[in-house]
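> Everything in the sequence shown is counted per our numbering, starting at 94 for the first residue and increasing by one.
All residues carry an ideal CB built from backbone N, CA and C; glycine is no exception.
Computed from a prediction, not measured in an experiment: that's the story for all the values here.
There's a structure below that I have some questions on.
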Amino acid sequence: MNNSRLSEIMHLVASGEMSVQQAMSELSLTDTSTTNDGTIDFATLDHFREERVGFPEVVYGLSKTPSDTAEIARRIYDKSEVVLVTKSSKEAYEIFEQSVPEAVWEEGSRAIWADRRKPRDPIPGIAVVAAGTSDLPIAREAVLTATLMGCDVNLITDVGVAGLHRLSNRIDELNAARVIIVVAGMEGALPSVVAGLVRAPVIALPTSVGYGVSLSGVAALLAMMNSCAAGVSVVNIDNGFGAGYQAASIVGATWK
94 MNNSRLSEIM HLVASGEMSV QQAMSELSLT DTSTTNDGTI DFATLDHFRE ERVGFPEVVY
154 GLSKTPSDTA EIARRIYDKS EVVLVTKSSK EAYEIFEQSV PEAVWEEGSR AIWADRRKPR
214 DPIPGIAVVA AGTSDLPIAR EAVLTATLMG CDVNLITDVG VAGLHRLSNR IDELNAARVI
274 IVVAGMEGAL PSVVAGLVRA PVIALPTSVG YGVSLSGVAA LLAMMNSCAA GVSVVNIDNG
334 FGAGYQAASI VGATWK
């Protein structure tokens, strides 16, 4: 924001033509300035994202070097009280842990996170349903994301369409949820089945699990995109973070 607009906002607030809340909203939306830690050789960090959307920038670890991943995460954690790195490596975690001893490595989802916020009561209402055990790494990424955003998440595992009695045994838990993430690879049928049984919105999360013509998740993605059940939205293949973030947003989770 340039000085002219900033001066105009201050005068509008002083004259009563703009509320303090309106001014704060405009400033948080337009302030893209960086601090000394905002720009490094290989990244430009968005330290104001938490102010705009309620959660800090999340690091996508895939294809980044371990040292670059650790440095980006450290700088975000210097400015925020929580940091999440998805699809990362144990090597990146070990480098990050040297500067952030409280860091946690989640083997199942291959995620790194650290959190120094004061505890608070979690927001209930999210269920994550994994079709098979092979889908658990992506399901756990969704669980971790929503949990760090302040939610209480119920993980239901191994209830795929090959044995529908397993799903029917958990129907009370599904009906108690306000939003349901359904994680499946192979033919990707489970989200449609779940959406036909519950009132809650369903977020379909395809995984790359499956044999040859599953095409590393494309078959599941297309099946979910073509669901005949109402109330189904679809995220990209293996995007557990995106599904968890969307679910947390639906139940109204922001830490502040």
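Taking the beta carbon of Ala107 as the centre, do at least 16 other beta carbons fall within 10 Å, making it buried, or is it exposed?
Exposed, since its Cβ has fewer than 16 Cβ neighbours within 10 Å.
> Considering only residues of the same chain and omitting the five flanking positions on each side of Arg233, which have a CB-CB separation below 6 Å?
For Arg233, where only same-chain residues beyond five positions count, the Cβ hits under 6 Å are Gly201, Ser202.
> According to DSSP, what are the bridge partners of Pro299?
According to DSSP, which records beta bridges pairwise, Pro299 is partnered with Ala277.
> Are the segment 306-315 and the segment 147-159 in contact at 8 Å, needing three or more beta carbon pairs?
They do not touch, by the three-pair rule.
> In or out: Ser181 buried (at least 16 other Cβ within 10 Å) or exposed?
Counting Cβ neighbours within 10 Å, Ser181 comes out buried, since at least 16 surround it.
> Assuming Asn332 is part of the alpha helix (DSSP H), what are its boundary residues?
No alpha helix (DSSP H) holds Asn332; DSSP gives it neither H nor E.
> Short check: CB of Ala37 to CB of Leu229, under 8 Å?
A question about residue 37 goes unanswered here, because the residues of the chain that appear run from 94 up to 349.
> Taking Cβ to Cβ, would you say Leu260 is nearer than 8 Å to Val291?
No, these two residues do not count as a Cβ contact at 8 Å.
> Given Val344, which residues of its chain have a CB within under 7 Å of its CB, disregarding the five upstream and five downstream residues?
Around Val344: Ile216, Gly218, Ile219, Cys244, Arg271, Val272.
> Could you check the C-alpha separation between Ile205 and Glu101 for me, to the nearest Å?
Cα to Cα, the separation comes out at about 43 Å.
> With a CB to CB cut of under 7 Å and the five nearest residues on each side skipped, what residues in its chain are close to Ser112?
If we look at Ser112 and ignore the five residues flanking it on each side, it has no Cβ neighbours.
> Once you ignore the five residues that flank Leu105 on each side, which residues in its own chain have a CB closer than 8 Å to its CB?
Cβ within range, chain order: Met111, Ala116.
> Between which two residues does the alpha helix (DSSP H) holding Glu199 run?
It is not in any alpha helix (DSSP H) - Glu199 instead sits in the beta strand (DSSP E) that spans 197-199.
> What three-state label does DSSP hand Ala223 in the structure shown?
Correct three-state label for Ala223: strand.
> Return yes when the Cβ of Pro294 is within less than 8 Å of the Cβ of Gly281, no when it is not.
In this structure, Pro294 does not lie closer than 8 Å to Gly281 by Cβ.
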